[in-house]
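Structure record follows, encoded as structure tokens.
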Ligand SMILES: [Zn+2]
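Set out below in structure tokens:
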């Protein structure tokens, strides 16, 4: 029953995340007005705006104009639903951290899609994650000790995230003579570091690089992109961050295999 509640909560949140993904990079208000069809601009009634279910009932078509509804909408809702169920499974016993980790997961989902579309990571999200991490250090199961030590671990993680990607960006620019890493990625890593600590930073970078490289190779093999085409790094760092939010993978896991 609790899991059904978590799923429902995630789906409803996912519906709102779709709004954020569409409006944040366009600098539109996320609170007002209500959802509109991107084809005909008609306001979408609440009964046609039920997560996933409306998409199926409407057979992926706008009721007013018959224009297509992107598969991405139910996908984002399902991702948020899945994140809510998994995080509830892992952190349901500590409600504050469940809320914090779910909020962080929502931010990661939004920035991943925005980064895929526009190759940018909105400051609202990356700096939001940073603030979230620095403010929630007392509830963070990744940190231990007294409050000063825990706060230090959060700040230390943020610094580790910032400087590790900053160094990669600097070195990359010298070698390739062009921007290899965006400022958005650096701020994102600082935010994830504040939530995950320095071990989480290391693990997120390892996982993110692996996923990103696998995706890049797949694109080149399938001839969908050339070697010099830019690939957004945010979604892969985000995926690494999500895995660590569920369960922190310590340094030893990478060294000992
Ligand atoms: Zn329409």
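Numbering (the numbering used here), first residue to last: 1 to 257.
Ideal Cβ positions, reconstructed from N, Cα and C, are used throughout, including at glycine.
Using a Cβ-Cβ cut-off of 8 Å (strictly less than) and excluding sequence neighbours within five positions of residue i, which residues of its own chain qualify?
| i | result |
| --- | --- |
| residue 162 | 186, 187, 189, 190 and 193 |
| residue 226 | 220 |
| residue 128 | 107 and 191 |
| residue 215 | 231 and 236 |
| residue 19 | 30 and 35 |
| residue 124 | 24 |
| residue 254 | 202, 203 and 206 |
| residue 150 | 137, 138, 140, 143 and 144 |
| residue 130 | 158, 187, 190, 191 and 194 |
Ligand 1 and residue i: does any heavy atom of the ligand fall closer than 7 Å to the residue's C-beta?
| i | result |
| --- | --- |
| residue 266 | Residue coverage of the chain in this structure runs from 1 to 257, which leaves residue 266 outside it and unanswerable. |
| residue 64 | yes |
| residue 67 | yes |
| residue 18 | no |
| residue 293 | Past the edges of the chain, shown from 1 to 257, lies residue 293, and the structure says nothing about it. |
| residue 39 | yes |
| residue 42 | yes |
Considering only residues of the same chain and omitting the five flanking positions on each side of residue i, which have a CB-CB separation below 7 Å?
| i | result |
| --- | --- |
| residue 7 | 81, 84 and 85 |
| residue 101 | 87, 91 and 245 |
| residue 68 | 60 and 61 |
| residue 12 | 51 |
| residue 48 | 54, 58 and 63 |
| residue 21 | 76, 110, 113 and 114 |
| residue 74 | 52 and 55 |
| residue 324 | The structure shown does not extend to residue 324, since the chain is modelled only from 1 through 257, so no value can be given for it. |
| residue 247 | 90 |
| residue 142 | 196, 197, 200 and 248 |
Got a sec? Which residues, its chain only, sit under 6 Å from residue i by beta carbon, not counting five neighbours each side?
| i | result |
| --- | --- |
| residue 160 | 193, 198 and 201 |
| residue 156 | 198 |
| residue 203 | 244 and 249 |
| residue 42 | 64 |
| residue 208 | 236, 237 and 240 |
| residue 166 | 186 |
| residue 9 | 84 |
| residue 118 | 25 |
What whole-angstrom Cβ distance do residue i and residue j have, given they're in contact under 8 Å?
| i | j | result |
| --- | --- | --- |
| residue 103 | residue 148 | At roughly 25 Å, the Cβ-Cβ gap does not stay under 8 Å, so residue 103 and residue 148 are not in contact. |
| residue 40 | residue 70 | With a Cβ gap of about 14 Å, residue 40 and residue 70 do not count as contacting. |
| residue 14 | residue 79 | 7 Å |
| residue 38 | residue 115 | Not quite, the Cβ-Cβ distance comes to about 20 Å (not below 8 Å), so this is no contact. |
| residue 164 | residue 137 | In fact, because the Cβ distance is near 20 Å, the residues do not count as touching under 8 Å. |
| residue 212 | residue 121 | So it is not a contact: roughly 14 Å between Cβ atoms. |
| residue 139 | residue 96 | 4 Å |
| residue 184 | residue 222 | The pair is not a contact, with the Cβ atoms about 27 Å apart (cut-off 8 Å). |
| message | For a minimum of 4 consecutive residues, which ranges assigned as the alpha helix (DSSP H) are wholly contained in the segment 28-112? | response | 53-57 and 72-91
| said: My parser needs the alpha helix (DSSP H) runs of 4 or more residues fully inside the segment 122-182; what are they? | reply: 123-135 and 147-176
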